[in-house]
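Q: Those protein sequences? They're chains A and B, same order as listed. Residues 15 to 129 in my numbering are what the first sequence spells out, letter by letter. Residues 2 to 115 in my numbering are what the second sequence spells out, letter by letter. Even glycine gets a Cβ: it sits at the ideal position worked out from N, Cα and C.
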Amino acid sequence: DAGITQSPRHKVTETGTPVTLRCHQTENHRYMYWYRQDPGHGLRLIHYSYGVKDTDKGEVSDGYSVSRSKTEDFLLTLESATSSQTSVYFCAISESVLPTTDTQYFGPGTRLTVL
Amino acid sequence: ELKVEQNPLFLSMQEGKNYTIYCNYSTTSDRLYWYRQDPGKSLESLFVLLSNGAVKQEGRLMASLDTKARLSTLHITAAVHDLSATYFCAVALGGKTSGSRLTFGEGTQLTVNP
Chain A
15 DAGITQSPRH
25 KVTETGTPVT
35 LRCHQTENHR
45 YMYWYRQDPG
55 HGLRLIHYSY
65 GVKDTDKGEV
75 SDGYSVSRSK
85 TEDFLLTLES
95 ATSSQTSVYF
105 CAISESVLPT
115 TDTQYFGPGT
125 RLTVL
Chain B
2 ELKVEQNPLF
12 LSMQEGKNYT
22 IYCNYSTTSD
32 RLYWYRQDPG
42 KSLESLFVLL
52 SNGAVKQEGR
62 LMASLDTKAR
72 LSTLHITAAV
82 HDLSATYFCA
92 VALGGKTSGS
102 RLTFGEGTQL
112 TVNP
C-alpha cells in the first residue's frame with residue numbers, strides 16, 4: 015500500500031469554525047490531490063498540487079484552501095465550515111503525469127461532520 | 002465540462018453469473034481508471050486503460066476501453082461474494098506538468114448474493 019496517512023480520521027465540528035485536514039505521504043510523490051466523496055456524486059476534486067507551493071483549484075474548490083510547504087504534506091483548510099461540507103475527504107498521490115505512472119493512490123479518508 | 006456516467010448504479014447478482022458495468026464519458030481522454038471501494042474503506046486501484054482497444058484482466062474482472070465511443074466496460078465473470086463492493090470509473094484530464102485531474106462516475110454498488 016502507498017504510504018499515505020490522513021489526520022484526523024474523524025472530526026465533528028461546528029458551523030463557522032475553521033478546520034484543517036492533513037495528508038502525509040512517505041512516497042516522495044510530486045502530485046497530491048484532495049477529493050470529497052458524497053452519495054450520488056462519486057468523488058469530486060477540490061484542489062491539487064503539482065509541487066511544493068504549486069497548487070490549483072479543482073471542481074469544487076469554493077470554501078476550501080490548501081497549502082503545501084513540504085513534499086510530504088498537503089493541508090486542506092475549511093476556512094469557515096458549513097453543513098454542506100459534511101463529507102468524507104480523501105487525499106491521493108501520484109508519482110508523475112506520464113501515462114504509465116500517474117495512477118492515483120488514495121489515503122484512508124477523513125470523515126468530517128459539521129453541525 | 003467532462004461528464005462521466007456509469008450504469009447501472011446498483012447491481013444485485015447471483016454468484017456464478019456474468020455481468021457488465023458501463024462507463025461513458027463526454028470528452029476525449031487518453032486514460033481511464035477503474036477503482037474498487039469496500040464499505041467504509043479507501044479506493045483501491047484496479048485497472049488503468051491507456052489506449053483504444055486496451056483490455057486488462059485480473060481474476061474475474063476484465064476492463065476494456067473504446068476511445069472512439071468514449072466507453073469503458075468492466076466485465077464480471079462468474080461472480081463470487083468477495084466481489085461485492087462499489088466500483089468507480091474515472092477519466093483523466095490534464096497531465097503535462099500540472100497533474101492528472103480525475104473525474105469520477107457515481108459508482109456502481111455491486112452485491113453478489115449466494
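Considering only the beta carbon of each residue, do V128/A and Q51/A sit closer than 7 Å?
A: No, the pair does not count as a contact, with Cβ atoms beyond the cut-off.
Q: If you follow the beta strand (DSSP E) that R50/A is in, where does it begin and where does it stop?
A: Residues 45-52.
Q: With distance defined between alpha-carbon atoms, name the residue in S79/A, D116/A, P122/A nearest to H43/A.
A: If we check each option's Cα against that of H43/A, D116/A comes out closest.
Q: Would the beta-carbon of V111/A be found less than 6 Å away from any heavy atom of the ligand HEM?
A: Absent from the structure shown: the ligand HEM. Ligands present: none.
Q: Count the other CB atoms, across all protein chains shown, that sit within 10 Å of the CB of S101/B; report buried if there are 16 or more and exposed otherwise.
A: Per the 10 Å Cβ criterion, buried.
Q: Would you verify that the beta carbon of L44/B is, or is not, closer than 7 Å to some beta carbon of chain A?
A: Yes, its Cβ sits closer than 7 Å to a Cβ of chain A.
Q: Against R71/B, what residues of chain A qualify as contacts under a CB-to-CB distance less than 8 Å, listed in chain order?
A: The contacting residues do not exist; R71/B stays about 17 Å from chain A at best.
Q: Nearest by alpha-carbon distance to G108/B: which of G95/B, L33/B, P115/B, A91/B is it?
A: Checked all of G95/B, L33/B, P115/B, A91/B; the closest Cα to G108/B is A91/B.
Q: How do the segment 27-42 of chain A and the segment 70-78 of chain A stand: do at least 3 beta-carbon pairs fall below 8 Å, yes or no?
A: Verdict: no, contact absent.
Q: Measure the Cβ-Cβ separation of Y47/A and Y64/A and say whether it is below 7 Å.
A: No, they are not a contact pair.
Q: Which class does H55/A belong to by DSSP, given the choice of helix, strand or coil?
A: Reduced to three states, the DSSP call for H55/A is coil.
Q: By a C-beta neighbour count over all protein chains shown, 10 Å radius and 16 as the cutoff for buried, is V113/B buried or exposed?
A: V113/B should be labelled buried.
Q: Quick one: is G106/B near chain A, going by C-beta distance under 7 Å?
A: G106/B counts as touching chain A.
Q: Would you verify that the beta carbon of R37/B is, or is not, closer than 7 Å to some beta carbon of chain A?
A: No, because no Cβ of chain A sits closer than 7 Å to the Cβ of R37/B.
Q: Check the Cβ of D52/A against every Cβ in chain B and list those closer than 9 Å, keeping chain order.
A: By Cβ distance, chain B contributes nothing, its closest Cβ being about 10 Å from D52/A, past 9 Å.
Q: Counting only the same chain and skipping the five closest in sequence on each side, list residues whose C-beta sits under 6 Å from that of V33/A.
A: T27, L92, A95, listed in sequence order.
Q: What's the call for Q20/A, buried or exposed, on a 16-neighbour Cβ count within 10 Å?
A: So Q20/A counts as buried.
Q: For a contact defined as C-beta to C-beta under 7 Å, what are the partners of Y45/A on chain B?
A: Within 7 Å Cβ-Cβ: G100.
Q: Report the neighbours of Y34/B on chain A: residues whose CB is nearer than 9 Å to its CB, in chain order.
A: Simply T117, Q118.
Q: Starting from the C-beta of L10/B, find all residues in its chain whose C-beta is less than 8 Å away, skip the five residues before and the five after it, and write them out in chain order.
A: Cβ within range, chain order: E107, G108, T109, Q110.
Q: Going by other Cβ atoms of all chains shown within 10 Å of its Cβ, with 16 needed for buried, is G121/A buried or exposed?
A: G121/A should be labelled buried.
Q: Hey, would you say L75/B sits closer than 7 Å to I22/B, going by beta carbons?
A: Result yes, Cβ atoms of L75/B and I22/B sit closer than 7 Å.
Q: Exposed or buried, which one is T28/B when buried takes at least 16 other CB atoms within 10 Å?
A: T28/B should be labelled exposed.
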